[in-house]
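**Student:** Residue numbering for the sequence shown follows this note's numbering, starting at 40 and increasing by one per position.
All C-beta atoms in this analysis are idealised placements derived from N, C-alpha and C, irrespective of residue type, glycine included.
Everything numeric in this text was worked out from a predicted model, so none of it was measured.
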Amino acid sequence: MTKDMTSGSPIKLIIAFSIPILLGNLFQQFYSMVDTAIVGRYIGVEALAAVGSTGSLTFLIVDFALGLTAGFAVPIAQTFGANDHKKMRHYVAMSIYLCIFLTLVLTVLSVWLTRPLLELLNTPADIIDDAYAYLVIIFAGLGATVFYNMIAGILRSIGDSKTPLYFLIVSSIINVVLDLVFILNFNSGVAGAAYATVIAQGISGLLCLWVAARRYKILHLSKEDFKYKTSSILKLVGIGLPMALQYSITAIGCMVLQAAVNSLGSITVAAFTAASKVEQLAMQPFKTLGMTMVTYTGQNLGAGKPDRIKSGVRTGMLICVLCAVISGLGLYFYGGELSGFFISASKESTAVIADAKTYLNTVILYFIPLGAIFVYRNSLQGMGEGLITMLAGIIELLSRTAVALLFTASLGYTAICYASPAAWVSAGVFLVIVYLIKINQMMKATSSQKSISC
40 MTKDMTSGSP
50 IKLIIAFSIP
60 ILLGNLFQQF
70 YSMVDTAIVG
80 RYIGVEALAA
90 VGSTGSLTFL
100 IVDFALGLTA
110 GFAVPIAQTF
120 GANDHKKMRH
130 YVAMSIYLCI
140 FLTLVLTVLS
150 VWLTRPLLEL
160 LNTPADIIDD
170 AYAYLVIIFA
180 GLGATVFYNM
190 IAGILRSIGD
200 SKTPLYFLIV
210 SSIINVVLDL
220 VFILNFNSGV
230 AGAAYATVIA
240 QGISGLLCLW
250 VAARRYKILH
260 LSKEDFKYKT
270 SSILKLVGIG
280 LPMALQYSIT
290 AIGCMVLQAA
300 VNSLGSITVA
310 AFTAASKVEQ
320 LAMQPFKTLG
330 MTMVTYTGQN
340 LGAGKPDRIK
350 SGVRTGMLIC
360 VLCAVISGLG
370 LYFYGGELSG
380 FFISASKEST
390 AVIADAKTYL
400 NTVILYFIPL
410 GAIFVYRNSL
420 QGMGEGLITM
430 LAGIIELLSR
440 TAVALLFTAS
450 LGYTAICYAS
460 PAAWVSAGVF
470 LVIVYLIKIN
480 QMMKATSSQK
490 SISC
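1) Quick check: the region 192 to 208 against the region 147 to 158, are there 3 or more CB pairs under 8 Å?
2) Under the assumption that residue 439 contacts residue 295 (Cβ atoms under 8 Å), give the Cβ distance between them as a whole number of angstroms.
3) Would you check if the distance between the CB atom of residue 381 and the CB atom of residue 79 is smaller than 8 Å?
4) Whole angstroms are fine: how far does the CA of residue 45 sit from the CA of residue 358?
5) Kindly indicate which three-state DSSP category residue 170 falls into: helix, strand or coil?
6) Return the chain-ordered list of same chain residues with a C-beta closer than 6 Å to the C-beta of residue 320, the five sequence neighbours on each side being excluded.
7) Throw me the rounded Cβ distance for the residue 351 and residue 53 pair, which I believe falls under 8 Å.
8) On a Cα-Cα basis, can you pick out the residue from 115, 110 and 55 that is closest to residue 429?
9) Which ranges would you report for the alpha helix (DSSP H) in the region 106 to 136 if only whole runs of at least 4 residues count?
10) Check residue 103 in the structure and name its three-state DSSP category.
11) Tell me the rounded alpha-carbon separation between residue 423 and residue 179.
12) Select from 421, 130 and 126 the residue whose C-alpha is nearest the C-alpha of residue 282.
13) According to DSSP, is residue 479 part of a helix, a strand, or is it coil?
14) Go to residue 165, then tell me how far its alpha helix (DSSP H) extends in each direction, as first and last residue.
15) May I ask which residues mark the beginning and end of the alpha helix (DSSP H) holding residue 334?
16) Considering only the alpha carbon of each residue, which of 456, 414 and 61 lies closest to residue 472?
17) Below 8 Å on the Cβ atoms is my guess for residue 317 versus residue 399; work out the distance and round it to an integer in Å.
18) Which residue wins for smallest C-alpha separation from residue 85, given the options 51, 307 and 330?
19) Within its chain, find whatever has a CB closer than 6 Å to the CB of residue 206; leave out the 5 residues flanking it on each side and keep chain order.
20) Under 6 Å Cβ to Cβ from residue 405, same chain only, skipping five residues before and after it: list those, please.
21) Can you give the Cα-Cα distance for residue 265 and residue 139, rounded to whole angstroms?
22) Counting only the same chain and skipping the five closest in sequence on each side, list residues whose C-beta sits under 7 Å from that of residue 230.
23) Give every residue of the same chain whose Cβ lies closer than 6 Å to the Cβ of residue 505, excluding the five residues on either side of it in the sequence, and list them in chain order.
24) Can you look up residue 346 in the DSSP assignment and give me helix, strand or coil?
25) Could you give the first and the last residue of the continuous alpha helix (DSSP H) run that contains residue 274?
26) Leaving out five residues before and five after residue 118 in sequence, what residues of the same chain have Cβ atoms less than 7 Å from its Cβ?
27) Determine the closest residue to residue 339 out of 371, 293, 121 and 66, with distance taken between C-alpha atoms.
28) Considering Cα atoms alone, identify which of 288, 441, 349 and 277 is closest to residue 49.
29) Take residue 228 and list the residues in its own chain whose beta-carbon comes closer than 8 Å to its own, dropping the five residues that flank it on each side.
30) Checking 8 Å against the spacing of the C-beta atoms, do residue 299 and residue 455 come in under that value?
31) Assuming residue 188 is part of the alpha helix (DSSP H), what are its boundary residues?
32) For residue 93, does the three-state DSSP call read helix, strand or coil?
33) Thinking C-alpha only, which one of 211, 369, 95 and 329 is nearest residue 412?
34) Please list the terminal residues of the continuous alpha helix (DSSP H) segment that includes residue 201.
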């Protein structure tokens, strides 16, 4: 079930590899939406706002960890593409060391800082206790998230995008069942939704590990693989840390935006929460393309084939434009109905859905630059250009922060709606320009090497 992406039609490879990832992402998003919907419908609008207000903090901590694990997978994909399985296994072993250390440090820091960070974000007094209860459990269970994403990243690096899908489906079903059990039967409130998410993620990780151990002999690690090498650790950190920082820098911009949203009251927070969940669903094709491009470019870089990288990125962008049009039309016609899925009927629900629809009708106009970010940023990540992607994150941060801080007081909710599009356009333009420079340099270098060898 491994997939060599260094030969064959790029469009066929990209689509075949992407479909399982897309289904997995949709299922992952599905159980996130179910969490939110059950909280909003069975506990209330304030509980929905409480869970929603944690989004930027979850993004900050969890996505930092996910950025590291995604970065660790890049050398694994490169060595797999170069057919150097011994070195690949060594990178897997070093990644395990780093993930254990990462989990311990991030868990302690995030749990300790949860309350101060919620206060820093101006979380409304009527929802801060629920927000704290939800976040502490998510952060305490961070090990389950790191564990699953590490195993899934390794499997995708060797071309297996199907196994993570199968067990995400299983964990999605478990998550939904546990949501209903904890919230409806045990009356555990928002904490029940958090417990369900952590438990489901842990089960998914264990199942992926079990399959990887049984199916892939090239991943069977020996004592020699675990021999510590500073150079290998530095390479993994050198790729993983910029990717993690890029995610966290983007998250800081989202935290500033969340603080601006929080200042507008619980109804606006609930509307932004519902709209963001719908937006995240529509973004899954772009995220899928991004995850595919990391593996595709990583393997082809290892194989020394920049021409295939260039054609693959062009193909990914064409798919991205098609997805942007389809997703945009879907949200334009059905965004309000999808937002209403998270809210029980009440006197506030009409205002919440109207505000959510306003947000969605704004952001869909900028889905093409959003898709470009995922295609070009992740392609550059696969090419080992972690610092470039971190710079793109800084551009996103500055753009989103500028709109949120400078215009919310005068424009109110309108500024909230345009903050993310401003970030997408500015970062997208930067990434396209840098990618074109880098790929042309690689093509010239390869051409020169061929001339010398001849």
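**Tutor:** Once the coordinates are examined:
1) no
2) Walking along the sequence shown from the start, residue 439 turns up at place 400. Walking along the sequence shown from the start, residue 295 turns up at place 256. Right, their Cβ atoms sit about 7 Å apart.
3) The residue labelled residue 381 in the question sits at position 342 within the sequence shown. The residue labelled residue 79 in the question sits at position 40 within the sequence shown. Cβ distance < 8 Å, so residue 381 and residue 79 count as in contact.
4) As a working note, residue 358 is residue 319 in the sequence shown. As a working note, residue 45 is residue 6 in the sequence shown. Residue 358 and residue 45: Cα-Cα distance of roughly 20 Å.
5) As a first step, residue 170 is located in the sequence shown; it is residue number 131 there, counting from the start. If DSSP states are grouped into helix, strand and coil, residue 170 belongs with the helices.
6) Here residue 320 refers to the residue found at position 281 when the sequence shown is read from its first residue. Excluding positions up to five away in sequence, the list reads 68.
7) To locate residue 351, count along the sequence shown from 1; it is residue 312. To locate residue 53, count along the sequence shown from 1; it is residue 14. That pair is a contact at about 6 Å.
8) Position 390 of the sequence shown, counted from the start, is the residue given in the question as residue 429. Considering only alpha carbons, the answer is 110.
9) none
10) If you number the sequence shown from 1, residue 103 lands on position 64. The answer is helix: DSSP assigns residue 103 an H, G or I state.
11) Taking the sequence shown and counting its residues from 1, one reaches residue 423 at position 384. Taking the sequence shown and counting its residues from 1, one reaches residue 179 at position 140. Between residue 423 and residue 179, the C-alpha separation is close to 31 Å.
12) Along the sequence shown, read from residue 1 onward, the residue named residue 282 stands at position 243. The candidate whose alpha carbon is nearest that of residue 282 is 421.
13) Mapped onto the sequence shown, residue 479 falls at position 440. Three-state DSSP puts residue 479 in a helix.
14) As a position in the sequence shown, residue 165 is number 126, starting the count at 1. It is not in any alpha helix (DSSP H) - residue 165 carries neither H nor E in the DSSP assignment.
15) Here residue 334 refers to the residue found at position 295 when the sequence shown is read from its first residue. Looking at the DSSP string, the run of the alpha helix (DSSP H) that includes residue 334 is 323 to 341.
16) As a working mapping, residue 472 is identified with position 433 in the sequence shown. Closest option to residue 472, Cα to Cα, is 414.
17) Within the sequence shown, residue 317 is the residue found at index 278, counting from 1. Within the sequence shown, residue 399 is the residue found at index 360, counting from 1. Yes, they are in contact, since the Cβ atoms of residue 317 and residue 399 sit about 6 Å apart, within 8 Å.
18) The residue given as residue 85 occupies position 46 in the sequence shown. Here the closest residue by C-alpha is 307.
19) For the purposes of this step, residue 206 is identified with residue 167 of the sequence shown, where counting begins at 1. Closer than 6 Å at the Cβ level, and outside the excluded window around residue 206, lie 243, 246 and 247.
20) In the sequence shown, the residue the question calls residue 405 occupies position 366. Hits under 6 Å: 460 and 463.
21) Locating residue 265 in the sequence shown gives position 226, where the first residue counts as 1. Locating residue 139 in the sequence shown gives position 100, where the first residue counts as 1. Taking the straight line joining both Cα atoms gives about 14 Å.
22) Position 191 of the sequence shown, counted from the first residue, corresponds to residue 230. Once the five neighbours on either side are set aside, the close Cβ partners of residue 230 are 172, 173 and 176.
23) In the structure as shown, the chain begins at 40 and stops at 493. Residue 505 is therefore absent and cannot be evaluated.
24) Taking the first residue of the sequence shown as position 1, residue 346 is located at position 307. Reduced to three states, the DSSP call for residue 346 is helix.
25) Here residue 274 refers to the residue found at position 235 of the sequence shown. Note, residue 274: alpha helix (DSSP H), 269 to 301.
26) Taking the first residue of the sequence shown as position 1, residue 118 is located at position 79. So the list reads 126, 127, 130 and 341, once near-sequence residues are dropped.
27) Sequence index remark: in the sequence shown, residue 339 carries index 300 (1-based). Measuring from the Cα of residue 339, the nearest candidate turns out to be 121.
28) Here the question's residue 49 lines up with position 10 in the sequence shown. Among 288, 441, 349 and 277, the Cα nearest to that of residue 49 is on 349.
29) Position 189 of the sequence shown, counting from 1, holds the residue named residue 228. So the qualifying residues of the chain are 82, 86, 169, 172 and 222.
30) To locate residue 299, count along the sequence shown from 1; it is residue 260. To locate residue 455, count along the sequence shown from 1; it is residue 416. Cβ distance < 8 Å, so residue 299 and residue 455 count as in contact.
31) Residue 188 sits at position 149 when you count from the first residue of the sequence shown. 181 to 196 is the extent of the alpha helix (DSSP H) around residue 188.
32) By one-based count along the sequence shown, residue 93 stands at place 54. Residue 93: coil per DSSP, three-state reduction.
33) On the sequence shown, position 373 is the one that residue 412 refers to. Among 211, 369, 95 and 329, the Cα nearest to that of residue 412 belongs to 329.
34) Start at 1 with the first residue of the sequence shown, and residue 201 comes out as number 162. It spans 201 to 219 - the alpha helix (DSSP H) in which residue 201 sits, taken as one unbroken run.
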